[in-house]
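Residue numbers (full-length UniProt numbering): 1 to 257.
So this is what it looks like as structure tokens:
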């Protein structure tokens, strides 16, 4: 007995994986986060499939429905936005399913962090600039562990991707500045990456809150901060060793000038 949890991707219906789409098309029962997952994608489900919206359901209600349908021998899928492994709240579902003797199989999806980087035309790891990306969120109503305060993470001065933080930009800016970041540090915000109403806001740390307010961005936004987001990064001489003609690796011998 199994429930399949599918990552639907960031928004555009064709950014689901082939495996995810095939699984959706085979399902007898589809539960999906209707506030976040594209209706156009869900229309790919079979015409006779039972399709249930879950935005108005609580955890136990969702799990009860999934367990009931699985025990009736039906193929059940739960469709999440982005990739379920990041802020997907899947663990709590799997725990309750496991208590009922039901396993969960996870099919990964394209996370909004990578969709946002794509629409920005950005590489988040630049040789000699930053080789680390931290995925986190600002502390709001839900606390973060003491060792993971944004100010402490920001001290690494690498690229930082902030989920679920669009209403907390004043706090975000203060934490970064307290960690020693320059007020001129580039920040890019992508609202609803890959959706038809996608919006991109380019800013700097000191102007972030003001620019987001001016553009009306206060939810469903990915905030990417760090010098890898510099709009003029292409004019600077950052190059990897991978394609350097003088660099030898397992598939190519370097050639000196």
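Backbone N, C-alpha and C fix where the C-beta goes; we use that ideal spot for every residue, glycine too.
Spatial neighbours of residue 42 within its chain, please: C-beta separation below 6 Å, excluding the five flanking residues on both sides. Translated into positions along the chain shown, residue 42 becomes position 42. Within the same chain, residue 42 has close Cβ partners 32.
By Cβ distance below 6 Å, which residues in the same chain neighbour residue 34 in space, the five residues on each side in sequence not counted? In the chain shown, counting from the first residue as 1, residue 34 sits at position 34. Closer than 6 Å at the Cβ level, and outside the excluded window around residue 34, lie 53, 55.
Beta-carbon gap between residue 185 and residue 226 smaller than 8 Å: Taking the chain shown and counting its residues from 1, the one referred to as residue 185 is at position 185. Taking the chain shown and counting its residues from 1, the one referred to as residue 226 is at position 226. Contact flag set, yes.
Which of helix, strand or coil DSSP assigns to residue 186: On the chain shown, residue 186 is found 186 positions in, with the first residue counted as 1. Residue 186 falls in the strand class under three-state DSSP.
Note down, in chain order, each residue of its chain lying with its Cβ closer than 8 Å to the Cβ of residue 182, except the 5 sequence neighbours on either side. By 1-based counting over the chain shown, the position of residue 182 is 182. Excluding sequence neighbours, residue 182 sits near 205.
CA-to-CA distance, residue 107 to residue 22, given in whole angstroms: The residue given as residue 22 occupies position 22 in the chain shown. The residue given as residue 107 occupies position 107 in the chain shown. About 11 Å.
So is residue 220 buried or exposed if we call it buried at 16+ other beta carbons inside 10 Å? Counting from 1 along the chain shown, the entry for residue 220 is found at position 220. Under this definition residue 220 is a buried residue.
Determine which residues share a DSSP beta bridge with residue 163 and list them. As a working mapping, residue 163 is identified with position 163 in the chain shown. Bridge partners of residue 163: 137.
Integer Cβ distance of residue 187 from residue 158, believed to fall under 8 Å: Position 187 of the chain shown holds residue 187. Position 158 of the chain shown holds residue 158. Not really, about 14 Å apart at Cβ, beyond 8 Å.
Closer than 7 Å by C-beta to residue 178: which residues in its own chain qualify, once you throw out the five before and the five after it? Chain order, please. Walking along the chain shown from the start, residue 178 turns up at place 178. Hits under 7 Å: 151.
Look up residue 7 in the DSSP assignment and say whether it is helix, strand or coil. On the chain shown, residue 7 is found 7 positions in, with the first residue counted as 1. DSSP places residue 7 in strand when its eight states are reduced to three.
Ignoring anything shorter than 3 residues, give me the beta strand (DSSP E) runs that lie fully in the stretch 53-86, in order along the chain. 76-80
Have a look at residue 260 and residue 64 and give me their C-alpha separation to the nearest angstrom. Given a span of 1 to 257 for the chain in the structure shown, any question on residue 260 remains unanswerable.
As a quick exercise: from 26, 58, 37, pick the residue whose alpha carbon is nearest that of residue 49. Position 49 of the chain shown, counted from the first residue, corresponds to residue 49. Selected option, being the one with the closest Cα: 26.
Under three-state DSSP, which class holds residue 260? The chain is shown from 1 up to 257; residue 260 falls before or after that span and cannot be answered.
According to DSSP, is residue 225 helix, strand or coil? For this step, residue 225 is matched to residue 225 along the chain shown. Strand.
Among the residues of its own chain, which have a CB less than 7 Å from the CB of residue 113, if the five just before and after it don't count? Taking the first residue of the chain shown as 1, we reach residue 113 at position 113. Contacts found: 135, 161, 222.
Local Cβ density within 10 Å of residue 259, reported as buried at 16 or more and exposed below that: Residue numbering for the chain in the displayed model covers 1 to 257; residue 259 lies beyond these limits and cannot be assessed.
In this structure, does DSSP put residue 39 in helix, strand or coil? Position 39 of the chain shown holds residue 39. DSSP places residue 39 in helix when its eight states are reduced to three.
Three or more beta-carbon pairs under 8 Å between the stretch 88-102 and the stretch 196-204, yes or no? no
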